[in-house]
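Visitor: I have a structure here, written as structure tokens, and I will follow up with some questions on it.
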Amino acid sequence: MVENAPMNVRVRFSPAPTGSLHVGSARTALFNFLFARHHGGTFVLRIEDTDRARSKDEWVVGIQDTLRWLGLDWDEGPVLQSERFSEYRTAASELLDRGLAYECYCTPEEIRERNDAAMTAGRSPGYDGRCRDLDDSQRVALAAEGRSRSVRFRTPDDGTSRFVDEIRGEVTVEWASVHDFVILRADDTPIFFLANAVDDLAMGITHVIRGEDLLDSTHRVLALREALGGGSPLSFAHLPLILGTDRAKLSKRHGAVALEEFRDAGYLPEAVCNYLALLGWSPDDGREVMDLDEVVDAFSLAGVTHAAAAFDHAKLDWMNGEWIRRLTLDELAERARPLAEERFGDRLDDELFVAGLRIGQERAVTIGQLLDQMEFLFVADDEFEIAAESWDKLVATERVDDALGAVEEHIARMEWDGAPVDLRDTLAAAAFEKPRKVMPAIYAAIEGRHAGLPVFDAIALLGQEKTLVRLRAARARLAR
RNA sequence: GCCCCCAUCGUCCAGUGGCCCAGGACGCCGCCCUUUCAAGGCGGUAACGGGGAUUCGAAUUCCCCUGGGGGCACCA
């Protein structure tokens with residue numbers, strides 16, 4: 077795969093710690109990781125916590141935990157921008173000295189009002205340049221009014237800004253439509269654009285791979301970068317956004333969006349990475365189920381698509397099943413055990429747990445769903461419940477008491493050896509020619525759900541006593 | 001409102017002028033297997049948004065329209 081990348085690739089993933097890692101950011105992290113590893117480069121983690129009001133330490137930790145869970149290990153960092161404020165202030169005052177930026181005394185409220193007015197008058201919003209050319213006496217007067225000062229970067233008045241995106245090709249915009257923007261807040265803390273430009277320069281970043289939502293801001297960051305001295309060339313690659321299946325912005329309404337939710341529901345990181353890699357990218361040979369090393373090997377920015385992709389939970393589910401089936405029983409048990417302990421507590425019997433996994437693995441979608449199916453093994457007889465929907469199915473079954481009675485008799489009489497139980501002859505003898513019709517009721521009575529782990533194995537795991545208790549309980553309830 | 005990006009089955013991708021009356025995957029439907037449901041096997045349904053232009057020939061090139069997404073913060 078030919079890729080014109082410099083020798084020493086340095087990329088960074090730079091999330092703002094204002095929430096847990098969600099699908100879109102995770103995909104960005106993944107693609108940065110893939111690009112770095114593919115080129116033997118360096119993957120840096122940088123935390124963009126310049127907005128002190130919205131950033132939280134717990135998210136700084138949480139994001140790192142999630143990246144580790146995904147297997148996206150970084151080589152440098154985390155670098156916290158909150159610890160580098162003096163660098164950004166120095167850069168800002170330098171721009172001020174050189175006239176590339178200016179002090180602005182407008183308050184956010186005033187700007188908002190003027191923007192609203194501009195909008196209703198049919199004009200475009202954006203800073204109107206009021207403080208652009210103040211002289212010293214005007215500045216002193218505004219400060220004397222008690223106004224605080226922010227620093228604004230002066231963008232060109234005319235001409236065209238252009239850069240070549242590694243994925244999209246040339247992207248241009250007229251400078252006239254890019255307004256002057258704040259780089260230092262009134263409280264002297266830096267804004268994203270400044271910190272971003274300063275750090276990419278300081279850290280020797282060679283490629284910026286991020287979401288398409290940042291495409292327009294690239295012109296501003298590039299202008300700032302140039303004002304700050306340029307440095308070596310920096311390539312940009314903007315990834316298509318991830319949307320919901322309805323093409324609307326991905327949100328909770330579309331199901332899980334935070335990576336923690338997927339972890340807690342029992343999705344495997346292999347499956348999540350695999351699925352995310354295929355959202356907006358595909359290998360030349362069309363493979364789909366690939367581990368991280370294989371993806372690293374095949375990865376290329378040239379293979380990234382241009383259009384936004386919809387996140388399809390159904391395909392992720394399928395892929396997770398594929399990955400669960402690729403695990404050995406020991407591996408599956410290792411992955412599932414923490415979730416099982418959390419869920420079943422002291423009632424968890426490890427031997428039974430592993431035995432349950434063994435019969436459930438081939439049909440599993442997620443570990444969480446597997447635990448749902450195993451719950452009946454770890455619940456006390458007096459806490460055992462049949463799901464409402466399943467009970468309805470049981471009641472609706474023709475000659476259900478006869479069927480349960482026949483099974484009860486079979487279990488009671490049989491010689492118990494722990495092997496799977498074969499009910500076919502028994503049901504046939506009781507004139508049930510089509511097991512398909514009565515099986516859901518038997519499942520419901522024994523497992524509490526009308527579909528679950530194969531009941532013949534389940535009975536063997538549950539034990540003769542408990543199985544009989546449940547069958548009798550179901551028949552007693554039926555008689556009421 | 002202005003600016004930017006994008007446009008192949010329901011969804012994710014393949015396709016870079018003839019190999020395409022468009023291929024794969026998920027989903028969906030049917031059949032097989034089956035002591036439930038799955039998993040697995042086999043088969044099926046289903047798309048180049050519209051209009052111009054270039055060309056012997058356009059899913060592939062260009063233009064317009066339409067549609068979708070993003071941006072226009074003292075968020076990132």
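Quick note: the first sequence, position 135, residue 211 per the working numbering, numbers continuous. The beta-carbon is built from N, C-alpha and C at its ideal position, and this holds for glycine as well.
I'd like the list of long-range same chain contacts for Val78, defined as Cβ closer than 7 Å, with 5 residues on each side in sequence excluded.
Guide: Confidence in Val78 is poor, its pLDDT being 39 and thus under 50, which makes the residue's placement too unreliable to answer from.
Visitor: Can you list, in chain order, the residues of its chain with a C-beta nearer than 8 Å to that of Glu523? Leave out the 5 residues immediately preceding and following it.
Guide: Within the same chain, Glu523 has close Cβ partners Gln449, Phe452, Leu529, Val531, Ala534.
Visitor: Just the C-alpha distance for Leu176 and Ala303, rounded to the nearest angstrom, thanks.
Guide: Going from the Cα of Leu176 to the Cα of Ala303 covers about 7 Å.
Visitor: Here's the rule: buried if 16 or more other CB atoms are within 10 angstroms of the residue's CB, otherwise exposed. What is Pro511?
Guide: So Pro511 counts as exposed.
Visitor: Do you know offhand how far Gly198's Cα is from Glu185's?
Guide: The alpha-carbon atoms of Gly198 and Glu185 are separated by roughly 20 Å.
Visitor: Name the DSSP beta bridge partners of Trp357, please?
Guide: For Trp357, which the question treats as bridged, DSSP gives the partners Val380.
Visitor: What residue range does the alpha helix (DSSP H) around Arg548 cover?
Guide: First-last of the alpha helix (DSSP H) with Arg548: 540 to 555.
Visitor: Could you tell me if Met395 is buried or exposed, where buried requires 16 or more neighbouring beta carbons within 10 angstroms of its beta carbon?
Guide: Classification of Met395: buried, given that the 10 Å Cβ count is 16 or more.
Visitor: Confirm, please, whether the CB-CB distance from Leu403 to Arg411 is below 8 Å.
Guide: Closer than 8 Å, so yes.
Visitor: Report the residue ranges of all beta strand (DSSP E) runs contained in full by the segment 163 to 218; include only those spanning at least 3 residues, in chain order.
Guide: Complete beta strand (DSSP E) runs here, min 3: 177 to 180.
Visitor: Residues bridged to Lys325 by DSSP?
Guide: Per DSSP, Leu319.
Visitor: Would you mind reading off the limits of the alpha helix (DSSP H) that contains Ala337?
Guide: Looking at the sequence shown, residue 337 is not Ala but Glu. Start and end: 335 to 340.
Visitor: Leaving out five residues before and five after Val348 in sequence, what residues of the same chain have Cβ atoms less than 6 Å from its Cβ?
Guide: Result list for Val348: Phe338, in chain order.
Visitor: Between Thr142 and Leu97, is the Cβ-Cβ spacing less than 8 Å?
Guide: Contact flag set, yes.
Visitor: Among residues of its own chain, excluding the 5 on either side of Lys469, which ones have a beta-carbon nearer than 8 Å to its beta-carbon?
Guide: Excluding sequence neighbours, Lys469 sits near Pro516, Ala517, Ala520, His526.
Visitor: Taking the runs of the beta strand (DSSP E) that are 3 residues or longer, which of them lie wholly in the segment 395 to 441?
Guide: Taking only runs of at least 3 residues, no beta strand (DSSP E) segment lies wholly in the segment 395 to 441.
Visitor: On a CA-only basis, which of Asp478, Ala495, Ala488, Pro496 is nearest Ala504? Give me that one, please.
Guide: It is Asp478 whose Cα lies nearest to the Cα of Ala504.
Visitor: Should Val85 be labelled buried (16 or more other beta-carbon atoms within 10 Å of its own) or exposed?
Guide: Classification for Val85: buried.
Visitor: Among residues of its own chain, excluding the 5 on either side of Ala167, which ones have a beta-carbon nearer than 7 Å to its beta-carbon?
Guide: Leu270, Val274, Leu304.
Visitor: Please report the distance separating the alpha-carbon of Arg556 from that of Gly481.
Guide: The alpha-carbon atoms of Arg556 and Gly481 are separated by roughly 16 Å.
Visitor: If you compare alpha carbons, which of Arg128, His115, Gln540, Leu447 is closest to Ile267?
Guide: It is Arg128.
Visitor: The alpha helix (DSSP H) that contains Asp276, what's its start and end?
Guide: Segment 268 to 278, the alpha helix (DSSP H) holding Asp276.
Visitor: Quick check: the Cα distance between Glu485 and Val430, rounded to an integer number of angstroms?
Guide: Their Cα atoms are separated by approximately 29 Å.
Visitor: Quick check: the Cα distance between Gly444 and Thr126, rounded to an integer number of angstroms?
Guide: Rounded to whole angstroms, Gly444 to Thr126 spans 37 Å at the Cα level.
Visitor: Work out the CA separation of Ile243 and Arg419 for me, nearest whole Å.
Guide: Near 45 Å, if we compare the C-alpha coordinates of Ile243 and Arg419.
Visitor: Considering just the uninterrupted stretch of the alpha helix (DSSP H) at Thr104, what are its terminal residues?
Guide: Residues 99 to 114.
Visitor: If you run the structure through DSSP and keep just helix, strand and coil, what is Ala482?
Guide: Note: Ala482 maps to helix in three-state DSSP.
Visitor: To the nearest whole angstrom, what separates the beta carbons of Met279 and Arg88, a pair I think is in contact under 8 Å?
Guide: The pair is a contact, with the Cβ atoms about 7 Å apart (cut-off 8 Å).
Visitor: For Arg296, which of helix, strand or coil comes out of DSSP?
Guide: Looking at Arg296 - three-state DSSP - the assignment turns out to be helix.
Visitor: Thr502 by DSSP, collapsed to three states: which one?
Guide: Three-state result, Thr502: helix.
Visitor: Taking a contact to mean a Cβ-Cβ separation below 8 Å, would you say Ile259 touches Val227 in this structure?
Guide: Yes. Within cutoff.
Visitor: So which of Ala507, Leu408, Ile487 has the shortest CA-CA distance to Asp498?
Guide: Comparing Cα-Cα distances from Asp498 to each of Ala507, Leu408, Ile487, the minimum goes to Ile487.
Visitor: What is the DSSP secondary structure of Gly287, counted as helix, strand or coil?
Guide: If DSSP states are grouped into helix, strand and coil, Gly287 belongs with the strands.
Visitor: Measuring alpha carbon to alpha carbon, tell me which of Asp369, Ala440, Ala374, Val545 ends up nearest Asp360.
Guide: Closest option to Asp360, Cα to Cα, is Ala374.
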